[in-house]
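Take a look at the structure below.
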Amino acid sequence: MDLLPVAGHPAVAVFREPCGGRPVPGLGPGVDAAARRAARVLAAVATHAGPVERAVGLRQAAAVSGELVAALSALAPAVAGESLPAESISQSYFRVREAELSDQQAALHGALVLHRGLEDLCDAPLSGADLALETAAMQQSVFDLTGAAPDAAPGTLPSVAASEPGAGASSESVWSARWLIGHQVHVLFNIGAAVAVADATNHLRHGDRDAALLRLADATVYVRGFPAAMTHASTIPADHYMAEIRHTMAPPSVDVPLSGRQHRGYKLFRAAMKDLLSVVPESYEQLASHEPELAEARGALLEADIVDGERHVTLAYSMVHLRRSIAQKAEGPDNAVAELRLMRHRRAAQYAPLIRFGDHYVADAVGRLRHT
Numbered sequence: 521m522d523l524l525p526v527a528g529h530p531a532v533a534v535f536r537e538p539c540g541g542r543p544v545p546g547l548g549p550g551v552d553a554a555a556r557r558a559a560r561v562l563a564a565v566a567t568h569a570g571p572v573e574r575a576v577g578l579r580q581a582a583a584v585s586g587e588l589v590a591a592l593s594a595l596a597p598a599v600a601g602e603s604l605p606a607e608s609i610s611q612s613y614f615r616v617r618e619a620e621l622s623d624q625q626a627a628l629h630g631a632l633v634l635h636r637g638l639e640d641l642c643d644a645p646l647s648g649a650d651l652a653l654e655t656a657a658m659q660q661s662v663f664d665l666t667g668a669a670p671d672a673a674p675g676t677l678p679s680v681a682a683s684e685p686g687a688g689a690s691s692e693s694v695w696s697a698r699w700l701i702g703h704q705v706h707v708l709f710n711i712g713a714a715v716a717v718a719d720a721t722n723h724l725r726h727g728d729r730d731a732a733l734l735r736l737a738d739a740t741v742y743v744r745g746f747p748a749a750m751t752h753a754s755t756i757p758a759d760h761y762m763a764e765i766r767h768t769m770a771p772p773s774v775d776v777p778l779s780g781r782q783h784r785g786y787k788l789f790r791a792a793m794k795d796l797l798s799v800v801p802e803s804y805e806q807l808a809s810h811e812p813e814l815a816e817a818r819g820a821l822l823e824a825d826i827v828d829g830e831r832h833v834t835l836a837y838s839m840v841h842l843r844r845s846i847a848q849k850a851e852g853p854d855n856a857v858a859e860l861r862l863m864r865h866r867r868a869a870q871y872a873p874l875i876r877f878g879d880h881y882v883a884d885a886v887g888r889l890r891h892t
């Protein structure tokens, strides 16, 4: 997975399609040490501290992610993302590409996504709660991309020479770049979650319950990071979004309006979730009667997925209020928020019997509508 700086523009992120049961990369002691260092510093970011301490922690995290990029780059240079054709309008707009990559290249490209995301987070006004979720998912990405294992006894943090903030670009250019950078981090989390869910499903099919539980927990970290990354992308004034960004995602700027349904990484995650529930379709009570840990792990993942849908509703409201989605037809009955709310309700209805505290009111209402 790759992120390339291109003159005057945010970078191009290059990803490979996930597959279940992936091998753990063996990238050498230098990469392993850099990855462990990056993970430790990410875990130590003072997400709820004052602005100065928080900014210092984020600059340190950006610096160590840069060290990880350097360690991986020493093995082989990154793929030139600009040379790869986009497979969709969405890929072209969000500067994302797919390619066949080695483990080293996948780790390098993912580390570049994290590095650019962390550099932007140094100045993004993200809440402490969302910052904690996003940095946790970033730490999980470091482990999955490099094969490094968490330190059993981390001890004291390594000293990190963080760069001082510079004069920087104009606020408007930072906001426009942030919209793309946050979306690229979101894609990275989508792919990480899809891989983790596919791994868990594969382990369940082969009877390896303990390994499945670990990967379900990893997937939950990523899914909790989904809305945090989207909020990161949206930490821009709504007026700027409406005036400078929204129209660039609709004709005549692009051939067809962009929507979340076009994001391949998210579609891969949704397919992985469908496959998981085909392997463990029992209700929460049924599953908990013989596999209580699995019932709780599956439930945590599904709850995070519902919350992602709920957060999308409120985020859209903060950006576009009661306007229609750019992807909606003029004759449609709903606006963007109502359509997203309906998606949330359908997901909650599907999951209601599968989680401990299911939304059975919505499930009953959706069931009645389906039979009318």
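Sequential numbering from 521 applies to the sequence shown in this note's numbering.
We put the CB at the ideal spot given by N, CA and C, even for glycine.
Model, not experiment: these values are computed from the prediction.
Inset, instruction - Let me know the secondary structure DSSP gives L889 once reduced to three states. - result: Counting from one through the sequence shown, the residue named residue 889 turns up at place 369. Reduced to three states, the DSSP call for L889 is helix.
Inset, instruction - Let me know the secondary structure DSSP gives E618 once reduced to three states. - result: In the sequence shown, residue 618 corresponds to position 98, counting from 1. Residue state, collapsed to three classes: strand.
Inset, instruction - State yes or no: is the C-beta of A720 within less than 8 Å of the C-beta of Y742? - result: The sequence position of residue 720 within the sequence shown is 200, counting from 1. The sequence position of residue 742 within the sequence shown is 222, counting from 1. No, they are not a contact pair.
Legend entry - Spatially closest choice to D623 from P597, A737, E602, N710, by CA coordinates: The sequence position of residue 623 within the sequence shown is 103, counting from 1. Ranked by Cα distance from D623, the first of P597, A737, E602, N710 is P597.
Legend entry - Inter-residue Cα distance where the pair is E813 and V776: Your numbering for residue 813 matches position 293 in the sequence shown. Your numbering for residue 776 matches position 256 in the sequence shown. So the two alpha carbons sit approximately 45 Å from each other.
Legend entry - A883 (DSSP reduced to helix, strand or coil): The residue you call residue 883 lines up with position 363 of the sequence shown. Helix, per DSSP.
Inset, instruction - Return the chain-ordered list of same chain residues with a C-beta closer than 6 Å to the C-beta of P771, the five sequence neighbours on each side being excluded. - result: Within the sequence shown, numbered from 1, the residue matching residue 771 stands at position 251. Around P771: no qualifying Cβ.
Inset, instruction - Report the option in V572, L588, D795, A847 whose CA atom is closest to the CA atom of Q782. - result: Your numbering for residue 782 matches position 262 in the sequence shown. Among V572, L588, D795, A847, the Cα nearest to that of Q782 is on A847.
Inset, instruction - Express the C-alpha separation of L665 and A626 in angstroms, rounding to a whole number. - result: Working through the sequence shown from its first residue, we reach residue 626 at position 106. Working through the sequence shown from its first residue, we reach residue 665 at position 145. Using only the alpha carbons, I get a separation of about 7 Å.
Legend entry - Residues near T655 in its chain [Cβ-Cβ closer than 6 Å; skip 5 each side]: Taking the first residue of the sequence shown as 1, we reach residue 655 at position 135. Around T655: L562, V565.
Legend entry - Collapsed DSSP secondary structure at L595 in the structure displayed: In the sequence shown, the residue the question calls residue 595 occupies position 75. If DSSP states are grouped into helix, strand and coil, L595 belongs with coil.
Legend entry - Reference G745, options L797, I875, L708, A583, closest by Cα: Within the sequence shown, the letter at position 225 stands for residue 745. Answer by Cα proximity: L708.
Inset, instruction - Could you check what DSSP says for I875 in three-state terms: helix, strand or coil? - result: Translated into positions along the sequence shown, residue 875 becomes position 355. I875: coil per DSSP, three-state reduction.
Legend entry - Sub-8 Å separation of L588 and A558 beta-carbons: Taking the first residue of the sequence shown as position 1, residue 588 is located at position 68. Taking the first residue of the sequence shown as position 1, residue 558 is located at position 38. Yes.
Legend entry - Closest residue to K849 among L736, S779, V662 (Cα-Cα distance): Indexing the sequence shown from 1 puts residue 849 at position 329. Of L736, S779, V662, the residue nearest in Cα terms is S779.
Legend entry - Where the alpha helix (DSSP H) through Q659 begins and ends: Within the sequence shown, numbered from 1, the residue matching residue 659 stands at position 139. It spans 648-666 - the alpha helix (DSSP H) in which Q659 sits, taken as one unbroken run.
Inset, instruction - Could you name the residues of the same chain whose beta carbon sits closer than 7 Å to that of L733, not counting the 5 residues immediately before and after it, in chain order? - result: As a working mapping, residue 733 is identified with position 213 in the sequence shown. Around L733: E813, L814, A817.
Legend entry - Simplified DSSP assignment, three categories, for L733: Your numbering for residue 733 matches position 213 in the sequence shown. Residue state for L733 is assigned as helix, using DSSP reduced to three classes.
Legend entry - Euclidean distance between Cα positions of L578 and E802: By one-based count along the sequence shown, residue 578 stands at place 58. By one-based count along the sequence shown, residue 802 stands at place 282. Going from the Cα of L578 to the Cα of E802 covers about 42 Å.
Legend entry - Helix, strand or coil at E607 according to DSSP, with G and I counted as helix: Residue mapping note: residue 607 aligns to position 87 of the sequence shown, counting from 1. Correct three-state label for E607: coil.
Inset, instruction - Put P645 into one of helix, strand or coil per three-state DSSP. - result: Within the sequence shown, residue 645 is the residue found at index 125, counting from 1. Residue state, collapsed to three classes: coil.
Legend entry - Nearest-angstrom Cβ-Cβ length linking N710 and G829, presumed shorter than 8 Å: Along the sequence shown, one-based indexing puts residue 710 at 190. Along the sequence shown, one-based indexing puts residue 829 at 309. Not really, about 14 Å apart at Cβ, beyond 8 Å.
Inset, instruction - With DSSP collapsed to three states, give me the class of I765. - result: Against the sequence shown, residue 765 aligns to sequence position 245. In this structure, I765 counts as helix in the three-state DSSP scheme.
Legend entry - Simplified DSSP state of P777, which is helix, strand or coil: As a first step, residue 777 must be located in the sequence shown, where it is residue number 257. If DSSP states are grouped into helix, strand and coil, P777 belongs with coil.
Inset, instruction - Return the chain-ordered ranges of every alpha helix (DSSP H) run that is complete within the segment 795-881 and spans a minimum of 4 residues. - result: Taken in chain order, the complete alpha helix (DSSP H) segments of 4 residues or longer contained in the segment 795-881 are 804-810, 812-840, 856-871.
Legend entry - Residue from V827, L860, D825 with nearest C-alpha to L842: Here residue 842 refers to the residue found at position 322 when the sequence shown is read from its first residue. Nearest neighbour of L842 by Cα position, chosen from V827, L860, D825, turns out to be L860.
Inset, instruction - Could you give the DSSP three-state label for I701: helix, strand or coil? - result: To locate residue 701, count along the sequence shown from 1; it is residue 181. In the structure shown, I701 sits in a helix (DSSP, three-state: H, G or I).
Legend entry - Best match in V840, R844, A792, S809 for proximity to L822 [C-alpha to C-alpha]: What you label residue 822 is simply residue 302 of the sequence shown in a count that begins at 1. Looking at the Cα atoms, A792 is the closest of the given residues.
Inset, instruction - Identify whether P771 lies in helix, strand or coil by the three-state DSSP scheme. - result: Indexing the sequence shown from 1 puts residue 771 at position 251. Looking at P771 - three-state DSSP - the assignment turns out to be coil, as it is neither helix nor strand.
Legend entry - Euclidean distance between Cα positions of I701 and L796: Reading the sequence shown from its first residue, position 181 is the one you call residue 701. Reading the sequence shown from its first residue, position 276 is the one you call residue 796. Cα to Cα, the separation comes out at about 30 Å.
Legend entry - Pairwise C-alpha distance: S845 and P856: Counting from one through the sequence shown, the residue named residue 856 turns up at place 336. Counting from one through the sequence shown, the residue named residue 845 turns up at place 325. Correcting the residue type first, residue 856 is Ala in the shown sequence and not Pro. Going by the C-alpha atoms only, they are around 4 Å apart.
Inset, instruction - Leaving aside the five residues before and after A714 along the sequence, list all residues of the same chain whose C-beta is less than 6 Å from its C-beta, in chain order. - result: On the sequence shown, position 194 is the one that residue 714 refers to. Cβ within range, chain order: P538, L788, F789, A792.
Inset, instruction - Quick one: using the 10 Å Cβ neighbour count with 16 as the cut-off for buried, is V551 buried or exposed? - result: The residue given as residue 551 occupies position 31 in the sequence shown. Buried, by the Cβ-count rule.
Inset, instruction - Reducing DSSP to helix, strand and coil, say where R542 ends up. - result: In the sequence shown, the residue the question calls residue 542 occupies position 22. Caution is warranted here: a pLDDT of 48 is assigned to R542, below 50, making its placement in the model unreliable, and no coordinate value can be reported.
Legend entry - Distance, F663 Cα to A669 Cα: Here residue 669 is taken as the residue at index 149 of the sequence shown, counted from 1. Here residue 663 is taken as the residue at index 143 of the sequence shown, counted from 1. Computed Cα separation, rounded: 6 Å.
Inset, instruction - Can you tell me which of the three DSSP states E602 falls into? - result: As a working note, residue 602 is residue 82 in the sequence shown. Helix.
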